[in-house]
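Scroll down for the structure; my scribbles are underneath it.
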Amino acid sequence: MTEQEALAQGYQVFKGTMRVLSAEELIDLQGQDQQAAAGQEGTYAVVVFDSPTDVSGMQADGSGQTTRSAKLIGVATANKYTNFGDVDACKALDGQQVGDVDACKALDGQQVIMAAKADVVGFPSDVRLPIGEPTASESIILK
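Each residue of the sequence shown is one higher than the one before, starting from 1 at the first, in the working numbering.
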């Protein structure tokens, strides 16, 4: 799928760098105090945007869709509470489902173009990682 095809099908398209990080590394990347996310663990795949980017997604309180500026977006999580890998959160460059954080490791540090629909993007109301940033439960890596 091309960027134009994704946009025509209702996807949002984002550009940035894929990063696969431990909880501590993600908290450091975000410039947060380690105490803010005490007890968080696991591995997180995020796309760090080249510059702050408007992202549309669902509000955690169930009141509908909103658009907010974001610095990054979560695309896969693997910890003892959540495993977004089971819900198609990261796809390989060829569009085939790979389905887990480990699959995103092949893209770690690379510039990517990803697509996600607003109805699968959520904005947190708590301190889950990434803190204060949206997460897509399904996404496609276009490049």
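C-beta: ideal position from N, C-alpha, C; glycine also. Please read all numbers here as calculations on a predicted model, not as lab measurements.
Quick one: Cα of GLY10 to Cα of ASP33, how far?
36 Å
How about VAL121 and PRO134: are their beta carbons less than 8 Å apart?
A Cβ-Cβ contact shorter than 8 Å links VAL121 with PRO134.
By DSSP, does LYS143 sit in helix, in strand, or in coil?
coil
Which residue comes first and which comes last in the beta strand (DSSP E) that contains ILE73?
It spans 65-78 - the beta strand (DSSP E) in which ILE73 sits, taken as one unbroken run.
By alpha-carbon positions, which one of VAL127, ASP61, SER125 and VAL48 ends up nearest to LEU21?
VAL48
Pull up the distance between the alpha-carbon of ILE140 and that of VAL75, whole angstroms please.
9 Å
Span of the beta strand (DSSP E), counted from its first residue to its last, around ILE113:
111-116
If contacts are defined as beta-carbon pairs under 8 Å, then GLU138 and ALA103 qualify, I think. What distance do you get, rounded to the angstrom?
Between GLU138 and ALA103 the beta-carbon gap is near 14 Å, outside 8 Å, which marks them as no contact.
Just checking my contact of SER63 with ALA118 at CB under 8 Å: how many whole Å lie between their CB atoms?
At roughly 14 Å, the Cβ-Cβ gap does not stay under 8 Å, so SER63 and ALA118 are not in contact.
Quick check: what's the CA-CA separation for SER51 versus THR17?
Approximately 11 Å, taken between the alpha carbons.
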